[in-house]
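Each residue of the sequence shown is one higher than the last, beginning at 241 in this note's numbering.
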Amino acid sequence: MADVPDIRIGTAEREQALDLLSEHFAAGRLTVTEFDERSGIVSAATTRSELVPVFADLPGNYQAPGTAPLSMVTPPDAPAERGFNPDRSGRVMAVVPILAVILFFVTGTWLWFLAIPLAGALLFGTDRERKAKRRRERDSD
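Encoded structure:
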């Protein structure tokens with residue numbers, strides 16, 4: 241029943257098709273006018289067969305929703321675990337003391353300076369966590 245093209249679709253399938261269309265637009269494969277026209281067609285679609293022509297001239301093998309996952313490309317080796325990101329953590333940590341000084345002058349209380357070591361502990365973890373992570377990395381090699 242999943243391969244019947246005239247089966248009715250719901251909001252979830254239309255949203256998936258719009259997301260895929262947005263990926264093509266972001267990649268520069270569609271102009272603004274084309275994206276608007278195709279978005280209108282997808283939004284008005286009531287069956288799977290109405291969605292297929294929208295993607296006919298775009299790369300990637302479009303499958304009707306429910307028959308295969310909707311994605312242009314599969315992500316190459318997506319990391320299994322989100323780890324420590326030094327760039328983001330470092331940037332946030334750089335802003336915290338400045339923010340603490342501003343809040344000190346605005347509110348008149350020194351308690352904002354306690355946010356500096358607290359942010360460091362939250363962003364970078366404790367020494368025990370870092371040692372355990374290094375130990376796991378060493379053991380896995």
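Even glycine gets a Cβ: it sits at the ideal position worked out from N, Cα and C.
Counted as a single uninterrupted DSSP element, the alpha helix (DSSP H) harbouring Arg-374 occupies residues 367-380.
Counting other Cβ atoms within 10 Å of its Cβ, Leu-270 reaches 16 or more and is therefore classed as buried.
Annotation: Ile-247 is outside any alpha helix (DSSP H) and is labelled neither H nor E by DSSP. Selection Ala-267, Ala-355, Thr-347 and Trp-350 evaluated against Val-335 yields Ala-355 as nearest (Cα-Cα). Of the residues assessed, Ile-338 falls on the exposed side of the cut-off, its CB having fewer than 16 other CB atoms within 10 angstroms. One alpha carbon belongs to Arg-328, the other to Ala-361, and they sit about 14 Å apart. In the structure shown, Thr-273 adopts helical secondary structure according to DSSP, grouped into three states. The criterion of a C-beta distance shorter than 7 Å is not satisfied by Leu-258 and Arg-278. For Thr-347, the three-state secondary structure derived from DSSP is helix. Restricting attention to Ala-372, Arg-288 and Val-294, the CA atom closest to the CA of Thr-251 is found in Arg-288.
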